[in-house]
Amino acid sequence: MNNIEEKYFSSLNEQQRRAVQSVDGATLLLAVPGSGKTTVLIKRLGYMINCKCISPEEILVVTYTVSATKDMKNRYISYFGEENADRIEFRTINGICAKILYQFEKQYGKELFKLADEKTINNLLIKIILKYEKS
863 MNNIEEKYFS SLNEQQRRAV QSVDGATLLL AVPGSGKTTV LIKRLGYMIN
913 CKCISPEEIL VVTYTVSATK DMKNRYISYF GEENADRIEF RTINGICAKI
963 LYQFEKQYGK ELFKLADEKT INNLLIKIIL KYEKS
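Taking my numbering, the leading residue of the sequence shown gets 863, the next gets one more, and so forth.
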């Protein structure tokens with residue numbers, strides 16, 4: 863095994879290896895808890911950046927909770943170091959929604975909201991979505 867294979871594929875089974883190497887388009891990673899999904903995702907990130915020369919700024923990692931976001935980033939750092947970790951966008955679903963609102967606000971030059979709570983953010987997102995569904 864060469865250095866790249868050792869770094870990215872050691873301890874992975876054949877299905878996990880295929881998931882790490884599958885970087886063209888979406889990949890569904892469906893498995894039971896504790897089966898190595900997060901490890902596969904982290905190694906896939908490293909493979910995308912270091913082997914496929916994909917810019918970290920083009921990668922969005924979506925998690926459900928803030929703690930999962932922190933865990934993913936910390937695990938990335940433990941495998942690959944801090945060099946690219948801050949260039950990858952690790953966000954929760956709510957964090958992505960907030961970023962969409964900020965971009966919308968920036969694009970139209972209007973202050974649409976102040977982040978008060980999730981309910982306010984969700985209501986604004988619904989209004990924006992409904993507005994664009996009608997047009």
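Backbone N, C-alpha and C define an ideal beta-carbon position, used for all residues, glycine too. Since the model is a prediction, treat every value here as computed from it, not as a measurement.
Worksheet item: Y870 and G898 look like a contact to me (Cβ under 8 angstroms); what is the Cβ gap, rounded to whole Å?
Response: With a Cβ gap of about 13 angstroms, Y870 and G898 do not count as contacting.
Worksheet item: Start and end of the alpha helix (DSSP H) containing R937?
Response: V928 to F942
Worksheet item: Given I911, which residues of its chain have a CB within under 6 angstroms of its CB, disregarding the five upstream and five downstream residues?
Response: P918 and N946
Discussion item. Given a cut-off of 8 angstroms on the beta-carbon distance, is the pair Y926 and I955 in contact?
Written reply: yes
Worksheet entry | The beta strand (DSSP E) enclosing N876, as first and last residue numbers | For the record, residue 876 in the displayed sequence is Glu; it is not Asn. Note, E876: premise wrong, no beta strand (DSSP E); alpha helix (DSSP H) at E876 to Q883.
Worksheet entry | Ordered list of alpha helix (DSSP H) runs contained in the region 945–997, each at least 4 residues | 955–970 and 980–996
Worksheet item: For V894, which of helix, strand or coil comes out of DSSP?
Response: coil
Worksheet item: Just to confirm, does F942 get its C-beta within under 7 angstroms of one of the non-hydrogen atoms of the ligand MN?
Response: With respect to the ligand MN, the structure shown offers nothing to examine, as it has no ligands at all.
Worksheet item: Based on Cα-Cα distance, which residue from Q969, E868 and L986 lies nearest to C959?
Response: L986
Practice prompt. Evaluate Q969 with the Cβ neighbour count: other Cβ atoms within 10 Å of its Cβ, from every protein chain shown; 16 or more gives buried, anything less gives exposed.
Written response: exposed
Fill in: C-beta atoms of V923 and E951 nearer than 8 angstroms
yes
Discussion item. I'd like the span of the alpha helix (DSSP H) that includes T900, first residue to last.
Written reply: K899 to N912
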